[in-house]
Each structure stands twice: as C-alpha cells, then as structure tokens.
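Each residue of the sequence shown is one higher than the one before, starting from 32 at the first, in our numbering.
All C-beta atoms in this analysis are idealised placements derived from N, C-alpha and C, irrespective of residue type, glycine included.
Below you'll find the structure, written out as structure tokens, and then a few comments.
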Amino acid sequence: MARERIDKLVVERGLAETRTRAQALILAGQILVDTQRIDKPGQMVSTGAEIRVKGEQPRYVGRGGLKLEAALRKFNIDPADKLCVDVGASTGGFTDCLLQHGAARVWAVDVGHNQLDWKIRSDPRVVPLEGINGRNLSSEQFPVKFGLAVVDVSFISLDKILPALKGVIVEAADVIALIKPQFEVGKGEVGRGGIVTDPSKHARVLRDVIRFARSSAFETLDLMASPILGAEGNREFLIHLKTNSERALRSQAVDDLISNLTESAPS
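Structure follows, in structure tokens:
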C-alpha cells in the first residue's frame, strides 16, 4: 500500500482546510490513524489507513460512507435531489453518505434483516427493503427507477448483481460499485484470513469486472482505489459505470489505469 505524509492526507480527507491547520491538529495530538495517535506532521502513513480527529464522532454510521464519499468526489457525481438505490446497505454507511450529500430519497436494500442503523432507518427519506438478494432485483419491487445506484455487497460477485440492477435504473443513471477482490477471485485464490494481496489478482479482478459489466451494457467511466481498507484488511476498489456512455474509457486507458492502481498493492 502506498504511503503519504499524514498532514497531506488529513487535508485530502477533508479533516482540515489547510496544511497548516492539519499540522496544528497533529501537533496537538488530535489526529488518530487506525486508533493510534500521530504527533509528527511529516510521518508517513498508509494511504489506506482510517484517519479521524480525536473526540470527533464518525462522519457516517458505517465506514463505507468514507469510501463512497471519496468516489463521489473522484467521479464528480452529485447525489443532490436524486432518487437512489443502495444495494447491500448493511448498517447504512453508503445510504448515510448519499443523504448527507442531498439525495432526495434512498431505497436501502439488503438480504439481511435489522442491520440498518436506527438513525438511517428512521429518516423519512429512507425506504428500507430487507430480505432482498441483489441478484433478484426487479422493477416490480420499486415505484420508481433510479438516477443513482450504489453497490456494496459481500459473499457474491458483482456479475450476479449488475444484470438485475440494469432493470431498476434510468437510462442515464450513474452506478458506483465497490469491488472486493476476495469475493471476485476464484475459489482457492484467497489467502490466509480471507486476504487477497497479489497485485496480479487485483488487476485480473478489475479487468473481469469491466468485462462482465460491459456484457450487461455498462461502460466503465473511471476506477479508483478505496481510500481505506476493507474490514479484514483487504484492498478494495470503486468503479463508476454508466449505460451506453460516450465517456467510456478506451482499452489502453483502462490498462494504464489498472496498472497504476495495482502496482502499489501489498504483496
């Protein structure tokens, strides 16, 4: 995993407006990196680390909100006033992020029950839909079609989700999906502790996701590494998809982007 100065990362994560302010927070012992206090502005830390201000409440009900926030910024997507669907909502980190960025309404879909944080469940802009597997989505389940879809699923490949998702979104909808290599590589290719560390496997997963997304009429507009690691320490990625888009990345651009994203993966 790449490393960067902590003061620079604090600014990039939006925890301080300027490098000077970031350095002041660090010197005051107010910055925590993966729960450890950092007091040197020039200290190099992993770009995948969780960073927060001491004593500050988490911005979202789940860490996923930080991942989606970074993707919205990188992909230049504004959820304001949009009807959205969150597939694999779990505790509601993605949904919380959408709401805080002005989404008009979010349908929070999950195969499980009673996982959605009460703050999110009780928000009048949220429609919880529990016990629904993302691979079985259909337009009959919703009174509308969505302008923005976000996906964060586990124990299932995205190739099972995207074909069904296409039927519940409008033609020009944006899709942001979290890519979890441990659920995309073949059986027997996940290392000890459920971790995928091989950069070549990360690269293969990204190419596979792009390929089967295209087979479901989704074009890839952009890719990025998640700003924080998954719960078990896995490196994750986010992809921006759209149907029949003229802005789709060309093959060489995809290859270059994948190389840049995976070359610094831990081995």
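Does the beta-carbon of Val181 have 16 or more other beta-carbons within 10 angstroms, so that it is buried, or is it exposed?
Translated into the one-based positions of the sequence shown, residue 181 becomes position 150. Counting Cβ neighbours within 10 Å, Val181 comes out buried, since at least 16 surround it.
Hey, how far is the Cα of Arg34 from the Cα of Gln74?
If you number the sequence shown from 1, residue 34 lands on position 3. If you number the sequence shown from 1, residue 74 lands on position 43. If I take the Cα positions, the gap works out to 10 Å.
Taking the straight line between their C-alpha atoms, what separation do you get for Glu48 and Lys191?
For the purposes of this step, residue 48 is taken as residue 17 along the sequence shown, with counting starting at 1. For the purposes of this step, residue 191 is taken as residue 160 along the sequence shown, with counting starting at 1. About 41 Å.
I'd like to know whether the C-beta atoms of Asp183 and Gly261 end up nearer to each other than 7 Å.
In the sequence shown, residue 183 corresponds to position 152, counting from 1. In the sequence shown, residue 261 corresponds to position 230, counting from 1. Their beta carbons are not under 7 Å apart, which means Asp183 does not touch Gly261 by this criterion.
Can the beta-carbon of Ala248 be found less than 7 Å from the beta-carbon of Thr274?
Position 217 of the sequence shown holds residue 248. Position 243 of the sequence shown holds residue 274. A contact, by the Cβ cut-off of 7 Å.
I think Lys98 touches Ile226, with their Cβ atoms under 8 Å apart; what is that distance to the nearest whole Å?
Position 67 of the sequence shown, counting from 1, holds the residue named residue 98. Position 195 of the sequence shown, counting from 1, holds the residue named residue 226. Going by Cβ atoms, the distance from Lys98 to Ile226 rounds to 18 Å, so no, they are not a contact pair.
Exposed or buried, which one is Gln283 when buried takes at least 16 other CB atoms within 10 Å?
Position 252 of the sequence shown, counted from the first residue, corresponds to residue 283. Its Cβ having fewer than 16 others within 10 Å, Gln283 is exposed.
Sequence ranges, beta strand (DSSP E) only - wholly within the segment 143 to 212, length at least 3
You should have 157 to 161, 177 to 182 and 200 to 210.
If you reduce the DSSP assignment to three classes, tell me which class Gln74 lands in.
For the purposes of this step, residue 74 is taken as residue 43 along the sequence shown, with counting starting at 1. Under the three-state reduction of DSSP, Gln74 is assigned to coil, being neither helix nor strand.
Taking the continuous alpha helix (DSSP H) assigned at Asp229, which residues delimit it?
The residue labelled residue 229 in the question sits at position 198 within the sequence shown. Asp229 -> no alpha helix (DSSP H), and no H or E assigned at all.
Leaving out the 5 sequence neighbours to the left and right, which residues in its chain are closer than 8 Å to Val221 when beta-carbon positions are compared?
Against the sequence shown, residue 221 aligns to sequence position 190. Closer than 8 Å at Cβ, skipping near neighbours: Gln213 and Val227.
Taking all protein chains shown into account, do 16 or more other C-beta atoms lie within 10 angstroms of the C-beta of Gly79, making it buried, or fewer, making it exposed?
One-based indexing of the sequence shown puts residue 79 at position 48. A buried status is given to Gly79, since no fewer than 16 other beta-carbon atoms sit within 10 Å of its beta-carbon.
In three-state terms, what does DSSP make of Ala59?
Looking up residue 59 in the sequence shown gives position 28. Here Ala59 sits in coil by DSSP.
Identified DSSP bridge partners for Asp141
Position 110 of the sequence shown, counted from the first residue, corresponds to residue 141. DSSP output for Asp141 lists Glu161 as bridge partner(s).
Exposure of Phe268, with buried meaning 16 or more beta-carbon neighbours within 10 Å:
For this step, residue 268 is matched to residue 237 along the sequence shown. By the Cβ neighbour-count rule, Phe268 is buried, with 16 or more other Cβ atoms within 10 Å of its own.
One question on the structure: do Ser246 and Glu215 come within less than 7 Å of each other, judged by their Cβ atoms?
Residue 246 sits at position 215 when you count from the first residue of the sequence shown. Residue 215 sits at position 184 when you count from the first residue of the sequence shown. No, Cβ-Cβ distance for Ser246 and Glu215 is not below 7 Å.
Who are Leu130's beta bridge partners in DSSP?
Taking the first residue of the sequence shown as 1, we reach residue 130 at position 99. In the DSSP output, where bridge partners are listed per residue, Leu130 has none listed.
Report the CB separation of Lys176 from Val201 in whole angstroms; it is logged as a contact under 8 Å.
On the sequence shown, position 145 is the one that residue 176 refers to. On the sequence shown, position 170 is the one that residue 201 refers to. Between Val201 and Lys176 the Cβ distance is about 5 Å, and since that is below 8 Å, they are a contact.
Out of Arg238, Glu250, Gly143 and Ser231, which one is the CA nearest neighbour of Glu277?
Translated into positions along the sequence shown, residue 277 becomes position 246. Looking at the Cα atoms, Glu250 is the closest of the given residues.
8 Å CB neighbourhood of His144 in its chain, flanking five on each side removed
Counting from one through the sequence shown, the residue named residue 144 turns up at place 113. When the five nearest sequence neighbours on each side are left out, the beta carbons in the same chain lying within less than 8 Å of the beta carbon of His144 are those of Glu161 and Gly162, in order along the chain.
Segment limits, alpha helix (DSSP H) that includes Leu97:
Translated into the one-based positions of the sequence shown, residue 97 becomes position 66. Start and end: Gly95 to Phe106.
Ala135 and Asp112: beta carbons closer than 7 Å?
What you label residue 135 is simply residue 104 of the sequence shown in a count that begins at 1. What you label residue 112 is simply residue 81 of the sequence shown in a count that begins at 1. Contact annotation: Ala135 and Asp112 have beta-carbon atoms nearer than 7 Å.
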